[in-house]
Each structure stands twice: as C-alpha cells, then as structure tokens.
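J.: What follows is a single structure, and I will ask about it in a moment.
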Ligand code: UDX
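Residue numbers (our numbering): 383 to 816.
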C-alpha cells in the first residue's frame, strides 16, 4: 500500500469520533460516515454529541481535515476504512451484529463498484468467530485485506488513550497486518507495542481484557462488603496492599457501587453467552456479572438500613454518570438505583455536573434535577454519592441543608473528612469508639 492519506471512519461513537479527530490532527484526510444525519450536523459545526474531555476543542482544531457524510457511495476511494460501529447487547447477552453486517455490506458494494481494495479495519468489539463466520462471507476476496484491531480506550480519557495507546493488537492475514502496522508506526512516534495475531485471537483479547478488569472490580467489591461488617476495616487499605503485589497490580481495585458503562456489563455477558453457545458455560463469568448486580443491590440495602421508612422520604443522588468526566448514563448504577427508589415512592433529587440531560431523557419529571449540590441536599433524609466527580471532594457545608444528615459514600471520596453528618462509606466498617 502507498503511504495512506485518505481514511474513512464508519460510526461516530466514542471510538470512531476520537479516532477520526486524532487522525485529522495528524493531517490525514478523514471522511466520517454515520447514518445519523443529526449527529453529522452537530459535528460539522465543531460540536461533539457527547461530553468527552478535550474532544470538542480537538474536533474544532481539526475540522479542515474532516468531512462528514451519511452516504459511503459519495466517496470515491480511500486507503484505509475503519469500522467503529456499535455492537449493542441483546436480551440473551449476545451482541447485536446488525450494524456490523450493514456496514460490511456497504463497504463490499462500495469497493466492488469503485474497483478498490483499501485495508479494512474492524475496531468494533466483536465476539470470537465474528470475522470468520459473519464478516468474511460478506467481504469475500476483500477479506484478504481486512484485519481485526480492537480498541481499548476509556470514556473520560478517550483522546489521551487514543493518542497514547498502551498496546496495539492487529489480527488477520500478513499483508493487511503489515500495511496497518506501517501506518501505526508512522502515526505513533512513541514506541507502542504492536502484537499481531489471528483475527479470532484479536477478537478474544478484547473480551478477555475487559472481563478480567470487570473481575478485579467484582472481586474488590466482594472484599468491600466483608470490610463493611468489621469495625475499623477499610477496603482501600486492603486494595493498596494487595495492589503492591506486582502479580496483582494496583489498578481497577477501587471498590464502588458496581461497574457500569457501555462495555464491561455488555462484554462480560457476551463472553458468557459465547461460552454457553460453545457448550461449556462459565461459572466465573457468571459470578463476575452476578456480583456486579448484587453490588448495586447492596447500595439499596445500605439506604434501607439507614432510612427508617423509604416511602415519602427525600433521597439525594450525587452523581448520575457511570463514571466521572463523562455524561454517559448507560448501565449506570445511579439509574437502576433511582428506578428502584421510584417504585418505593421516594422523592428523589439528583445532581451531576454533566449527565443531567441524559438522565432527563430517562426519568422526565419523575425526579428533581438540581444544578447545585446544596439544592440537591435540601431537606434530604439521605444522600448517596455514586460517581467520583472531583468537585464532590470539597463538599462540606452543603450537608447542613439536610433534614437528616446521612451520607452513603459508595466511592469513599469523603472518608477522611470530618463532617458533621452520619458518614457511611461503602467498604468501611463502623468506627470503634475507644
Ligand atoms: C472500559 C475499559 O477500561 C476500556 O479499556 C474499554 O475500551 C471500554 O471499557 P470504560 O467503560 O470507558 O472503559 O471505563 P472504565 O474506566 O474502565 O470504568 C468502567 C466502570 O468500572 C465504571 O463504572 C467505573 O466506575 C468502574 N470501576 C472502574 C470501578 O468500580 N472500580 C475501578 O477500580 C475501576
């Protein structure tokens, strides 16, 4: 392949948009394709359809190198086509491949009509076997020039993770692997490890990676619930020490209300559904998933323990996004908790620095949306902190607005602060008064 210059990215979600903006910043000519014209209209104006730190500024700075279309056939050629469409979860835990199938059909027709053979790169998360059994039969001879290249970026640090990936995995045949490897070596000046594998191994690596991280979280949440029952015990001390063991490592050992977001819940269940299809099943994957669901229930139990009668009580929810620095509420524990509290006739006030709009589209006028924390805590019987927003670290006087000052801090953000409230830290056993 000649030095690639013209690049297509299909699917303008977190992965696709961040990749497109990054490549445009490197002066590649990037054509962004998405079926959602509203999204494209937003992007053309230099605005991002979701909050991601630094992304909007980077988009504005790179607009000259970006173009947008909902119609692949309007483009005449490209050197590389990245596929970054979503693979949302289905009811049985498996993944919905409709966008993979439709974009693959479009690419196939488009390449054949234009007599071109770009390198086709699948960055979408797809289960082992998807390339061989679904994509290859559609692409036919074009599949010789196709690779699987999973993405590991995190929401909230998507741009930085794209600029500095910890690893690049490319799976497929030798020729397209080599082309993409050369491309990445040109893009990434820093030495980033590049691992080449078969397409199926590359597909599995992504699921193994996310399921392992989810396992670490479910594990530490299990330890947190044990700590909770023993006075003077703190899960963060346990995590700190086991994290010093290089065989364990200190990351992803923050106990909390359970993992959420668009990846971990979906990926663990998809891998579990694959093991079922393969006839083996997996007690371990099942336990990771179940433990995560139980953790969200644990938060509700803590509330019911500390609020005498839930009916007609006032509860304040601090943090709606599934993680800090994001406006994403997909699979957020805050959302499922609010749903449960609403069925118990609780009056709910919510606060989040970024995720209010996305929450409004779920609950409309069933909860009160508050622009500041003091307002959220007004007359409250219990506050529940669920997202590690930096601004919550400095909370103090705001708690004086509460009717019954109790804080259930599922992230232990305020564990070391002396506050004139009843403080319940998830994973912290009650203090022994000596
Ligand atoms: C994850 C993977 O990290 C990323 O590599 C993959 O590409 C997509 O899925 P993301 O879902 O964006 O990224 O966020 P992440 O930071 O991994 O957090 C996921 C969830 O786990 C959040 O709900 C977070 O609060 C929770 N979490 C994370 C913990 O509860 N404890 C931790 O120690 C780490």
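Backbone N, C-alpha and C define an ideal beta-carbon position, used for all residues, glycine too. It should be emphasised that the depicted structure is a prediction, and the values quoted were computed from it without experimental measurement.
Of the choices 522, 433 and 426, whose alpha-carbon is the least far from that of residue 452?
T.: Position 70 of the chain shown holds residue 452. Out of 522, 433 and 426, 426 has the C-alpha closest to the C-alpha of residue 452.
J.: CB of residue 599 to nearest heavy atom of the ligand GTP: below 6 Å?
T.: The ligand GTP is not among the ligands present in this structure, which contains only the ligand UDX.
J.: According to the Cβ coordinates, are residue 639 and residue 689 closer than 7 Å?
T.: If you number the chain shown from 1, residue 639 lands on position 257. If you number the chain shown from 1, residue 689 lands on position 307. No, Cβ-Cβ distance for residue 639 and residue 689 is not below 7 Å.
J.: If I measure Cβ to Cβ from residue 771 and keep anything under 7 Å in the same chain, skipping five residues before and after, which residues do I get?
T.: Here residue 771 refers to the residue found at position 389 when the chain shown is read from its first residue. Only 701, 706 and 735 meet the Cβ criterion.
J.: Keeping to the same chain, check which residues put their C-beta closer than 8 Å to that of residue 509; ignore five residues upstream and five downstream.
T.: Counted from its first residue, the chain shown places residue 509 at position 127. Result list for residue 509: 476, 477, 585, 589, 652, 653 and 656, in chain order.
J.: Can you find a heavy atom of the ligand UDX that lies under 6 Å from the Cβ of residue 536?
T.: Here residue 536 refers to the residue found at position 154 of the chain shown. Because some heavy atom of the ligand UDX lies under 6 Å away, the Cβ of residue 536 counts as near it: yes.
J.: Can you tell me which of the three DSSP states residue 752 falls into?
T.: Looking up residue 752 in the chain shown gives position 370. The DSSP-derived three-state label of residue 752 is coil.
J.: Given this structure, state the Cα-to-Cα distance separating residue 428 from residue 397, to the nearest angstrom.
T.: Locating residue 428 in the chain shown gives position 46, where the first residue counts as 1. Locating residue 397 in the chain shown gives position 15, where the first residue counts as 1. C-alpha separation (whole angstroms): 17 Å.
J.: With C-beta atoms as the reference, is residue 751 less than 7 Å away from residue 738?
T.: As a position in the chain shown, residue 751 is number 369, starting the count at 1. As a position in the chain shown, residue 738 is number 356, starting the count at 1. Yes, they are a contact pair.
J.: According to DSSP, simplified to helix, strand and coil, what is residue 465?
T.: Residue 465 sits at position 83 when you count from the first residue of the chain shown. If DSSP states are grouped into helix, strand and coil, residue 465 belongs with the strands.
J.: In the structure shown, what three-state DSSP assignment does residue 731 receive?
T.: Taking the chain shown and counting its residues from 1, the one referred to as residue 731 is at position 349. Here residue 731 sits in strand by DSSP.
J.: Between which residues of its own chain and residue 714 is the CB-CB distance below 7 Å, once the five residues before and five after are set aside?
T.: The count along the chain shown starts at 1 and reaches residue 714 at position 332. Only 642, 702, 703 and 704 meet the Cβ criterion.
J.: When DSSP labels each residue in this structure, what does residue 816 get in the three-state scheme?
T.: Residue 816 sits at position 434 when you count from the first residue of the chain shown. Per-residue confidence for residue 816 stands at a pLDDT of 49, beneath the threshold of 50, marking its modelled position as unreliable; no derived number is given.
J.: Tell me which same chain residues have a C-beta within less than 7 Å of the C-beta of residue 811, skipping the five on either side of it?
T.: On the chain shown, residue 811 is found 429 positions in, with the first residue counted as 1. Result list for residue 811: 609, 610, 611, 612, 613, 614 and 615, in chain order.
J.: Taking residue 581 and residue 549 to be in contact with their CB atoms under 8 Å, please state how far apart those CB atoms are, rounded to whole angstroms.
T.: Counted from its first residue, the chain shown places residue 581 at position 199. Counted from its first residue, the chain shown places residue 549 at position 167. Contact flag wrong, Cβ pair sits at about 17 Å.
J.: Going by the DSSP bridge assignment, what does residue 764 pair with across the sheet?
T.: Within the chain shown, the letter at position 382 stands for residue 764. Bridge partners of residue 764: 697.
J.: I want to check one thing, is the minimum distance from the CB of residue 589 to the heavy atoms of the ligand UDX below 6 Å?
T.: Stepping through the chain shown from its first residue, residue 589 is reached at position 207. No, since every heavy atom of the ligand UDX falls outside the 6 Å radius drawn around the Cβ of residue 589.
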